[in-house]
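Colleague: Chains A and B are the protein sequences, given in the same order. Taking this note's numbering, the leading residue of the first sequence gets 151, the next gets one more, and so forth. Taking this note's numbering, the leading residue of the second sequence gets 45, the next gets one more, and so forth. Heads up, the beta-carbon is just placed ideally off N, CA and C, and yes, glycines get one too. This is the structure, below, for whatever I ask next.
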Amino acid sequence: MNLPMLLSLILLLPLGSAVVIALFLRKRGNLAALLSIMVGFTVMALSLYVILTSYNPARTVYPAGSPESSLPSAAMQNWLGMAGPVWAEASHHWLQFGDYVFAMGFHFNNLSALMLLVVSFVACWIQLFSAGYMADDEGKARFFGGLSIFMFSMLGIVLADNLVMLFVFWELVGFSSYMLIAHYYTTDFANMASKKAFIVNRIGDLGFLLGIVWCWDHYGTVRLSELENIIGYHPGLVAGGAATGIGLLLMCGFVGKSAQFPLQVWLTDAMAGPTPVSALIHAATMVAAGIYFLARVFFLLPPFTLHWIMWSGAAMTACAGLWALGQTDIKKTLAYSTLSHLGYMATAVGLGYPQLAMFHLAMHACFKATLFLGSGSVIHACHHEQDIYKMGGLRKKMPITAATFLLASLANCAVPFFSGAYSKDSIISAAYLKGHDEGLIYYGVYALVLFGALCTALYTCRLFAVVFLGKARSEEAEHAHESGASITIPLIVLGLLSLAAGWTVYDWKWAGGLMTGLIPSGCAQVFLGGFSALEHTLEEKGLGHGLEIINVIVVLAGLAASYAFYGRSAAAGDPLAAKSPGAFRVLERHGWFDDVYDWYVAQIQQHFCDVLAALDKLAIQFGGGQVCAGGLSGLAGALLRRATVGSIHAYVYWFLAGVCCYWFFAVR
Amino acid sequence: MTSDSLILPQAIGVPFVAGLVLLVKGREMAPWLARAVAWVGFLVPALTALCAWWIFSMHPAGTPIFEQSMTAATPTQLLWRTPEMLFPFERDIGLGFLGLTLKLGLNGLSLPMFVLAGIVGLAAGIYAMNTSVDRPQAYWGLLLFIVSGAMGVFASLNLFYFYFFHEFALIPTFILIGWWGGPGGRAAAMEMTIYLTLGAMLSLLGLLALFFKSGAHSFDLVSMHAWTLPATATVPSGHKIFGLLLFGFGILVSLWPFHSWAPTGYAAAPTPAAMLHAGVLKKFGLYGLLQIAVPLLPGEMAGWSHLLAWLALGNVVVIGLVTLAQRDLKVMLGYSSVMHMGYIFLGIVCVSAMGAGGAVLLMFAHGLSVAALFLLSDAVFQRTRTYDFGAMGGLCKKAPVLSAFFVAATFAGIGLPGFANFWGEFGVFVALWKFSPWMTAAAALGVVISAIYGLRAVSRIFYGEPSPAFQTLFDQPVADLRPGERWPAIILLGALLLVGFWPGLLSRGINESLPTAYQDLRPSGHYVLTLNFISETTAAPTPAAPPAAPKP
């Protein structure tokens, strides 16, 4: 089979599984789970096969012998260094009106290979985990059907060859997210959260949609390969009003999906869904799709847009890290952690290093999935208790969960040699470099992301200490025991990866090249170039070691302080809440965004709509009674009303009269 | 007169005869016989329409309907397929001297509407036959009249019959609402009658003016177009005629602010009548604009387009916000259907292939989705005995299939990709950007608004725990969807999904048949592509030239 066919198979298998589940397996939850998991692993195997066999390092990005004058711009060459050559390209006309063609197809390069690997790999283990986690659930078939639809939509985003197709699948992941958040639909929380997630995403998609339409109008195409060509040879185009507008509007899609300012409010509520859903969709893959999208169309983003992304990302890094300290729900803490890490990735994109963003995306997918699955294992063991202050002392009762959670926590804080350290530290260094090179104000970004790193250490250590150390704080925690194999195996696999995945950047001699094999080279190419270029620059400027040491000090200081504050507290609740309730409340309300939006919806939008509706009703009474719709129609209406006086018969006579009139004119 | 095909007369005639039989003899017939007659009446048009669709997509060698009309038919042509249309039928029924020859035929623009009428007619029919009403035979008979008229509207190539069939379908609608309607049925029917009559009158005036001014001495659409085509924009007082048609048709389609008949009318209408009117008949005006007004008066849209676009934005934004305030399911659906008409108007305003194509797709998709929503909301009412959101909740637990269908229909209405509505809306936005980017931005607000009210409805009806008042109702067993409700919904949603996944099923025919008035605007790419620097192989390619410089 050729590559496009394999890719079609990868894309369509989950759709097939979803259709089969919806049509035939609605009442057979176990079969549905089996089918979905099998499809998940098949997709993973196929993706690995594609990536290992189809990557051709000799493939050039642009004609090797082409003259200097016909090379793409330097910025584009830089981007191409990340995205790599196109492995396969296919496009089918789907709908055509006039000269506008909507197409469906694949644009498969190194970038999509990396994303494909992350999505399919994480997804299959999370599906296996779900088999254990959702074992007793009534809506098991619905759940696995939803996961299959999600896989289909997510893979569509990864493979899409044009912006319209991307948008199609973008909306579909929104739908699957909605469906899965609403899994426990009888609870008010899930009911509200699912609605909120979809609507907030729709607000982002509104901008995205307009951005695509404008892009089509301005550049004349929405195909990624054609856009690459146009921008590659006319770099000057990405400047000026239209290009900035397009960039900002396209960015809206990212802001909604990746839950950045000011649309971040949906992500924490989305934790109302089952924990595997939070792990897969709201941590590892879907929310990161925004970052992937930015990397994919990076060349379309003008400097102003990048600035916005950088500042808002850096602010999110710090704020979400702080807010995480105000949460007592284990999943919400992790959700804020996800927000903070998405902020890191956004900062990297804004700094002009989409490579590092993709690197962090891949690492984050491993360790955040582990953290969420670990929390799922804990929640499962504690009979759906999510309050961390009702857990405690689970280290001994759930050793595998505790060990993998620890690995992932350390990766989360970027402790040296753990996967998160490589990607996160390089982003922090890049931020410093920006300040170093371009002006004092950019040190602000550095300060924000460094503060974010401190917060990460604080909340991560707090979480681990409260949940796993100390003594059990409730009956449920007292009787908790380790979960079954279908839960622990994914934990071990992903936990080990959160330790080791980052080693791929070093070609350690003593490891005999083993380390570089951790991530297939076709995928690793995405970030290896950018990573080593940054290292090189830092080295040249003599900054490398200094920055590294600062990072380590910040993380260790954070961990120590957090352990001292939270780990040794014997209080029943949060020690911060006990010592300074005001500060805790500020963190807990996470900037009052929700309150402001709720107030707008309830006090402004609702009243405005009510007034409009009342006016409309008035118009109905008036219009119905008087038939006074203005101008000609008013006159005709008045005549007509006299003629129809409330009976169908009169109307028929009118009609006959009209025919007679016509007759008269016609035979005249 | 040469190549006659009886297929279209059959699609119009069979439901008419079946309806007549049921109305006249229905009460004396055995129940099973009456039911069989009704089945035949509903099935024949639907199957005919599907056949037509299939044949049309199997034989794409069509050309735009008007351009070829003056050439003689070649002997090799198949009986049922001339270059410009499918299933031509022409008969002088004694009024030929007035230009009133009955002329039927389908092209790529009317085919989707014809199919829509067939499908919605069948779904409404099945649903009607599975609900208990008093005097069911008369009820079915009137519905069959509506189906017959609707099939006729979209098959007519003669303006007179186009109008006639619409009236023919409209009158049974009024009777159905007045007689079988819910509380306030009579008043609603009266208001609807007044409004729609007014709209129909205006459009009739416009059509007559068109007839006299065009000088074609015929109501035949094809020959009228042949008359106006060579002398583009020289139809005397074309501007005024277009205005008459615009507002006449506009009132029929609930153009803001002439929309107020729709929510009350649909709230009071018996469900199959609401399905047929909101789904099919309401598209009469839009179809008239697309197939008649714009092609026959090319260039006249320019004079009205800004006014129309603003009014259509009123539909989308103002009525969208009004919809948000509704607390009654059926009224909300009525308003939302008014709101979505705005998109279709905006597609027509652009006068481009993209806009017209999007409008036709959206008409088709909206017809199906709104019919499905009316049907399912009635199914909700059968179980909860209320349309009030405040009194509902938690129905999903009792009726999972109903709620799954309702969610699907809601998402179709919201414009989720995978349902046909998405392609229509997206097409309209793409086309509208050429007309006015700001209006596109304003219209796109509707995307969020419809998501809010749609999901709010779903969450209030199906999610959460049932309210205390509801709990007593739920203590009795609540059945999930019965087959009589399930199959119509499956038909409607299936068609939506089919076109949603393969929009090319409709778009090819539309492209072939778009009259020249919709001469297209290209995507205004300022840049020409000549080179692809991402080479597939390692072989050194020929030295490439840089692409042409951007246009200034």
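What residue from B/A317, B/A475 and B/V492 has the CA that sits closest to B/G225's CA?
Modeller: Along the second sequence, one-based indexing puts residue 225 of chain B at 181. Ranking the options by Cα distance to B/G225, first place goes to B/A317.
Colleague: For B/M398 and chain A, any beta-carbon pair shorter than 7 Å?
Modeller: Taking the second sequence and counting its residues from 1, the one referred to as residue 398 of chain B is at position 354. Yes, contact with chain A.
Colleague: Am I right that A/G602 and A/Y592 are in contact with their C-beta atoms under 8 Å? What's the rounded C-beta distance?
Modeller: Numbered from its first residue, the first sequence carries residue 602 of chain A at position 452. Numbered from its first residue, the first sequence carries residue 592 of chain A at position 442. Actually they do not touch by this definition, with Cβ atoms about 16 Å apart.
Colleague: Can you find the residues in the same chain that come closer than 6 Å, C-beta to C-beta, to B/G193, ignoring five residues on each side of it along the sequence?
Modeller: Counting from 1 along the second sequence, the entry for residue 193 of chain B is found at position 149. Within the same chain, B/G193 has close Cβ partners F209, F212 and A213.
Colleague: What number of angstroms, rounded off, separates the C-alpha of A/M541 from the C-alpha of A/L613?
Modeller: Stepping through the first sequence from its first residue, residue 541 of chain A is reached at position 391. Stepping through the first sequence from its first residue, residue 613 of chain A is reached at position 463. Approximately 10 Å between the Cα atoms of the pair.
Colleague: Would A/S569 pass as a contact of A/M513 if the rule is Cβ separation under 7 Å?
Modeller: Translated into positions along the first sequence, residue 569 of chain A becomes position 419. Translated into positions along the first sequence, residue 513 of chain A becomes position 363. Contact flag set, yes.
Colleague: What are the boundary residues of the beta strand (DSSP E) that includes A/W237?
Modeller: Position 87 of the first sequence, counting from 1, holds the residue named residue 237 of chain A. Counting along the chain, the beta strand (DSSP E) containing A/W237 begins and ends at V236 to F247.
Colleague: Any beta carbon of chain A sitting closer than 7 Å to that of B/W83?
Modeller: Locating residue 83 of chain B in the second sequence gives position 39, where the first residue counts as 1. For B/W83, the answer is no, since every Cβ of chain A falls outside 7 Å of its Cβ.
Colleague: Please list the partners that B/W482 has in chain A, where partner means a Cβ-to-Cβ separation under 7 Å.
Modeller: The residue given as residue 482 of chain B occupies position 438 in the second sequence. Within 7 Å Cβ-Cβ: nothing; B/W482 doesn't reach chain A, min ~10 Å.
Colleague: If we cut at 7 Å on Cβ distances, does A/A722 have a partner in chain B?
Modeller: Taking the first residue of the first sequence as 1, we reach residue 722 of chain A at position 572. Taking 7 Å as the threshold, the shortest C-beta distance from A/A722 to chain B does not fall below it.
Colleague: By Cβ distance, which residues of its chain are closer than 6 Å to A/C402, with the 5 residues on each side in sequence left out?
Modeller: Residue mapping note: residue 402 of chain A aligns to position 252 of the first sequence, counting from 1. These residues qualify, in order along the chain: G354, G357 and F358.
Colleague: Please determine if the stretch 81-101 of chain B and the stretch 150-162 of chain B are in contact, where contact requires at least 3 C-beta pairs separated by less than 8 Å.
Modeller: yes
Colleague: Can you pull the chain A residues whose beta carbon is under 7 Å from the beta carbon of B/F473, in chain order?
Modeller: Residue mapping note: residue 473 of chain B aligns to position 429 of the second sequence, counting from 1. Within chain A, the residues near B/F473 are L359 and V363.
Colleague: A/F252 by DSSP, collapsed to three states: which one?
Modeller: The residue you call residue 252 of chain A lines up with position 102 of the first sequence. Strand.
Colleague: Need the endpoints of the alpha helix (DSSP H) that B/G149 sits in, please.
Modeller: For the purposes of this step, residue 149 of chain B is identified with residue 105 of the second sequence, where counting begins at 1. No alpha helix (DSSP H) contains B/G149, which is instead part of the beta strand (DSSP E) from L146 to L150.
Colleague: When the Cα atoms are used, what is the spatial distance from A/F302 to A/F454?
Modeller: Locating residue 302 of chain A in the first sequence gives position 152, counting from the first residue. Locating residue 454 of chain A in the first sequence gives position 304, counting from the first residue. Between A/F302 and A/F454, the C-alpha separation is close to 34 Å.
Colleague: Check whether the Cβ of A/R352 lies closer than 7 Å to any Cβ atom in chain B.
Modeller: By one-based count along the first sequence, residue 352 of chain A stands at place 202. Yes, A/R352 lies at the interface with chain B (some Cβ there is under 7 Å from its Cβ).
Colleague: Give a yes or no on whether the minimum CB-CB distance between A/C759 and chain B is below 7 Å.
Modeller: What you label residue 759 of chain A is simply residue 609 of the first sequence in a count that begins at 1. A/C759 belongs to the set of residues whose beta carbon lies under 7 Å from a beta carbon in chain B.
Colleague: Taking DSSP as the reference, what is the three-state secondary structure of B/E509?
Modeller: Sequence index remark: in the second sequence, residue 509 of chain B carries index 465 (1-based). Looking at B/E509 - three-state DSSP - the assignment turns out to be coil, as it is neither helix nor strand.
Colleague: Report yes or no: is there a C-beta of chain A within less than 7 Å of the C-beta of B/W477?
Modeller: Taking the second sequence and counting its residues from 1, one reaches residue 477 of chain B at position 433. It does: the Cβ of B/W477 has a partner Cβ on chain A nearer than 7 Å.
Colleague: What are the start and end residues of the alpha helix (DSSP H) that includes A/Y593?
Modeller: Sequence index remark: in the first sequence, residue 593 of chain A carries index 443 (1-based). Taken as a continuous stretch (DSSP letters only), the alpha helix (DSSP H) holding A/Y593 covers Y593 to F618.
Colleague: Assuming A/K856 and A/A564 are in contact, meaning their beta carbons sit under 8 Å apart, how far apart are those beta carbons, in whole angstroms?
Modeller: Because chain A is modelled from 151 through 818, residue 856 of chain A falls outside the range shown and cannot be assessed.
Colleague: Three Cβ pairs or more, each shorter than 8 Å: is that satisfied between the stretch 228-235 of chain A and the stretch 635-654 of chain A?
Modeller: no
Colleague: Count the CB pairs spanning the stretch 171-183 of chain A and the stretch 253-271 of chain A that are closer than 8 Å, and state whether there are at least three.
Modeller: no
Colleague: Looking at B/A501: is its Cβ nearer than 7 Å to the Cβ of B/V164?
Modeller: In the second sequence, counting from the first residue as 1, residue 501 of chain B sits at position 457. In the second sequence, counting from the first residue as 1, residue 164 of chain B sits at position 120. No, the Cβ-Cβ distance between B/A501 and B/V164 is not below 7 Å.
Colleague: What does a CB cutoff of less than 6 Å around B/R230 pick up in its chain, not counting 5 residues either side in sequence?
Modeller: Position 186 of the second sequence, counted from the start, is the residue given in the question as residue 230 of chain B. Result list for B/R230: G222, in chain order.
Colleague: Say yes only if the C-beta of A/G526 is nearer than 6 Å to one or more non-hydrogen atoms of the ligand NAP, and no if none qualify.
Modeller: As presented, the structure is devoid of all ligands, the ligand NAP included, so that no description of it is given.
Colleague: Counting only beta-carbon separations shorter than 7 Å, does B/V491 have a partner in chain A?
Modeller: Position 447 of the second sequence holds residue 491 of chain B. Yes, because at least one Cβ of chain A sits closer than 7 Å to the Cβ of B/V491.
Colleague: I want to know whether the stretch 226-246 of chain B touches the stretch 172-182 of chain B - three or more CB-CB distances under 8 Å.
Modeller: Segment contact: the stretch 226-246 of chain B against the stretch 172-182 of chain B, fewer than three CB-CB distances shorter than 8 Å; contact not assigned.
Colleague: On the criterion of 16 or more Cβ atoms from any shown chain inside 10 Å, does A/Q246 qualify as buried, or is it exposed?
Modeller: Along the first sequence, one-based indexing puts residue 246 of chain A at 96. Buried.
Colleague: Using only the alpha-carbon positions, how far apart do A/E822 and A/L451 sit?
Modeller: No answer is possible for residue 822 of chain A: the residues shown for chain A start at 151 and end at 818.
Colleague: Is it buried or exposed for A/T203, if we count other Cβ within 10 angstroms and need 16 for buried?
Modeller: Here residue 203 of chain A refers to the residue found at position 53 of the first sequence. In the assembly as shown, A/T203 is an exposed residue. Its beta-carbon has fewer than 16 other beta-carbons within 10 Å.
Colleague: Using a Cβ-Cβ cutoff of less than 8 Å, which residues in the same chain neighbour A/K518 once the five nearest sequence positions on both sides are dropped?
Modeller: Residue numbering aside, residue 518 of chain A sits at position 368 when the first sequence is read from its first letter. Within the same chain, A/K518 has close Cβ partners A429, A433, A434, L484, S487, T488, H491, A558 and N562.
Colleague: Can you tell which of B/A167, B/F189 and B/S200 has its C-alpha closest to the C-alpha of B/T145?
Modeller: Residue numbering aside, residue 145 of chain B sits at position 101 when the second sequence is read from its first letter. For B/T145, the nearest C-alpha among the options comes from B/S200.
Colleague: Within 10 Å of its beta-carbon, does A/V751 have 16 or more other beta-carbons around it, so buried, or fewer, so exposed?
Modeller: Taking the first sequence and counting its residues from 1, the one referred to as residue 751 of chain A is at position 601. Answer is exposed; the Cβ neighbour count stays below 16.
Colleague: How would you write the range of the alpha helix (DSSP H) that B/R552 sits in, first residue to last?
Modeller: Counting from 1 along the second sequence, the entry for residue 552 of chain B is found at position 508. Note, B/R552: alpha helix (DSSP H), G548 to S557.
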